[in-house]
Amino acid sequence: MLLGALLIASCSKKIEVTNAPDFNVTTDSATYKAGQEVTFNIKDNGANIISFYSGETLQEYAFKDGRTIDVKGVGATMAFTSSVQLGTQVNQLSVMASTDFNGDYSSLAKIKAATWTDITSRFALGTSAAFLASGTKDISDLMVPGKPIYIAYKYVTRPQATNGLARDWFIQSFAINSLAILANTASATPIALTLADQAHAGFRIIDQNAATIKSATFIPYDMAPAQASTTTTRITLYGNRYLTPILPIFDSTNSVFDPKNPIYDPYSLAYVPTAVRPIFVLYDPASPYNDPLSEHWAVSAPINADKVDLGPDLATVVKSGITSANLNVFKYTYTTAGTFTAVFVASNNSIDGIKQVVKTITLTITP
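The sequence shown begins at 1 in the working numbering and counts up by one.
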């Protein structure tokens, strides 16, 4: 019991950091040429971790806790790539924008209740399976201060018996960038500010003919839903299913309808645990869902055009732990001219605390 008490006491004791590192940094000169290697002479004396901020754009110690840029009223550009293949229908894809959509994605009616501006003509659309760049186009005129903008790709499937088969469209590399640029006052190196990209635009698919009705006589594929989808890298827009009596789903002899099919037999080597025997339904030539006119929209999340949150500027770790050897020299090359505030942060760390030293050196980089 005494031993257990001693162990508990030792485990609960905090591991304090008693001293900040004995740390310093110097350079042989305060002026260097662009492209010339700068040697930082370091007095380490056992610091646990050493990090370096070069002072260049997005590597500034002053913004270590975050950087938010006000771009209200500045405007923005939009670009994407697209490709199309198969089918013969024309003018299926439109590019739309809205600033009064209320964010209700529950139905196509809710989407269409908003005011949408057709901006398709501003962009080049794909003509083949090869992805075509839309061009970077100004959409500043669509922006309303204080309101987010929504972008949508509207896809229309017309009756395929009379208009030909629907085409398959693919959208990638979507991006909206502010016309404002981030330029370090020292280096004047411009960096585009991204308001939204493909991974974070949050596109959702909304179908006119969603497969929501399920019964013994009316199964999901009767609704002929679109087969559209979205991922963080692509929007895929397919036409809705075109139902004809020659499809296997309307063939009563199709083995998927046979209850003796071995894929449904758990004792068979052909057993498929996920297989569900469908209910056979005769083809109904009068069904309005055999070959409907329908719309399918891919609608973005709200895109804020007033501010850009770039997150914190990140340092480069030049010494990563207590087991690392003392660091005597660190070398870095500035590629552009300007005045930079280089910052080194040296720290002693434990699970219960941290003590650090910040050293700053101002460097002038000439052309």
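Ideal Cβ placement from N, Cα and C applies to all residues, glycine included.
Closer than 8 Å by C-beta to residue i: which residues in its own chain qualify, once you throw out the five before and the five after it? Chain order, please.
i: LEU293; result: VAL156, THR157, ARG158 and PRO159
i: GLY311; result: GLY66 and ARG67
i: GLN356; result: ALA20, PRO21, VAL345, ALA346, SER347 and ASN348
i: PRO70; result: Sequence check: residue 70 is Asp here, not Pro. Same-chain partners within the cutoff: ASP306 and LYS307.
i: TYR332; result: GLU37, VAL38, PHE40, PHE52, SER54 and ALA342
Check residue i in the structure and name its three-state DSSP category.
i: PRO220; result: Unreliable placement is indicated for PRO220, whose pLDDT of 47 sits below 50; no coordinate value is reported for it.
i: TYR155; result: strand
i: TYR289; result: coil
i: THR194; result: strand
i: VAL25; result: strand
i: ASP141; result: helix
i: ALA20; result: coil
i: TYR53; result: strand
i: ILE263; result: helix
i: TYR150; result: strand
i: SER178; result: strand
i: ILE171; result: strand
i: SER350; result: strand
i: SER255; result: helix
Which stretch, first to last residue, makes up the beta strand (DSSP E) that contains residue i?
i: THR77; result: 76-85
i: ALA298; result: 294-299
i: LYS43; result: 37-43
i: ARG204; result: 204-207
i: GLN356; result: 353-366
i: ASP70; result: 68-70
i: ILE303; result: Neither: ILE303 is in no beta strand (DSSP E) and is coded neither H nor E.
i: LEU237; result: 235-237
i: THR31; result: 31-33
Excluding the five sequence neighbours on either side, which residues of its own chain have a C-beta within less than 7 Å of the C-beta of residue i, listed in chain order?
i: TYR264; result: ALA275 and ARG277
i: THR232; result: GLN198 and ALA199
i: ALA301; result: ALA201 and GLY202
i: ASN177; result: ALA76, THR77, ALA192, LEU193, THR194 and LEU195
In the DSSP assignment, find the alpha helix (DSSP H) that holds residue i and state where it starts and stops.
i: ASN163; result: 160-163
Give me, in chain order, the residues of the same chain whose beta-carbon lies closer than 6 Å to that of residue i; leave out the 5 immediate sequence neighbours on both sides.
i: THR26; result: ASN41
i: SER134; result: ALA79, PHE80, PHE123 and ALA124
i: ILE175; result: It should be noted that the sequence gives Ala, not Ile, for residue 175. Within the same chain, ALA175 has close Cβ partners ALA79 and ASP197.
i: ASP168; result: GLN85, LEU86 and TYR238
i: HIS296; result: TYR155, ASP207, ALA226 and ALA228
i: TYR271; result: ASP265
i: VAL318; result: ILE50, PHE52 and PHE330
i: PHE445; result: Outside the displayed span of the chain (1 to 367) sits residue 445, for which this structure offers no information.
Output yes if chain D places a C-beta closer than 8 Å to the C-beta of residue i; else output no.
i: LEU237; result: Considering every chain present, this structure includes no chain D. It has just one protein chain.
So is the beta-carbon of residue i under 7 Å away from any non-hydrogen atom of the ligand FMN?
i: LEU243; result: Only the bare structure without any ligand can be found here, which leaves the ligand FMN out of the picture.
Segment contact flag, the segment 281-289 with the segment 28-45, C-beta cutoff 8 Å, min 3 pairs | Verdict: no, contact absent.
For this session: Taking only runs that begin and end inside the segment 305-346, name each unbroken beta strand (DSSP E) of 3 or more residues, in chain order.
Result: Runs of the beta strand (DSSP E) inside the segment 305-346: 307-309, 316-320 and 329-333.
Exercise for review: Report yes or no: do three or more beta-carbon pairs, one from the segment 95-103 and one from the segment 112-127, lie closer than 8 Å?
Suggested key: Three or more Cβ pairs drawn from the segment 95-103 and the segment 112-127 lie within less than 8 Å of each other, which places the two stretches in contact.
Quick check on the DSSP output: what are the complete beta strand (DSSP E) runs of length 3 or more inside the segment 85-134, in order along the chain? Those beta strand (DSSP E) runs which fall completely within the segment 85-134 and span 3+ residues are 93-98.
Does the segment 105-114 touch the segment 191-211, meaning 3 or more C-beta pairs lie closer than 8 Å? Three or more beta-carbon pairs drawn from the segment 191-211 and the segment 105-114 are found closer than 8 Å, and the two stretches are therefore classed as touching.
- Inspect the CB distances between the segment 54-61 and the segment 320-327 and report whether three or more fall short of 8 Å. Because the criterion of three Cβ pairs below 8 Å is not met, the segment 54-61 and the segment 320-327 do not touch.
(message) Below 8 Å, how does it come out for the segment 336-353 and the segment 226-245: are there three or more Cβ pairs, yes or no?
(response) Segment contact: the segment 336-353 against the segment 226-245, fewer than three CB-CB distances shorter than 8 Å; contact not assigned.
- [ ] Report yes or no: do the segment 144-151 and the segment 162-171 share at least 3 C-beta pairs separated by less than 8 Å?
- [x] Using a Cβ-Cβ distance cut-off of 8 Å, the segment 144-151 and the segment 162-171 are not in contact, since fewer than three pairs of beta carbons, one from each stretch, lie closer than that value.
Practice prompt. Could you say if the segment 357-367 and the segment 80-92 meet the contact criterion of at least three C-beta pairs nearer than 8 Å?
Written response: Contact between the segment 357-367 and the segment 80-92 is not established, with fewer than three Cβ pairs separated by less than 8 Å.
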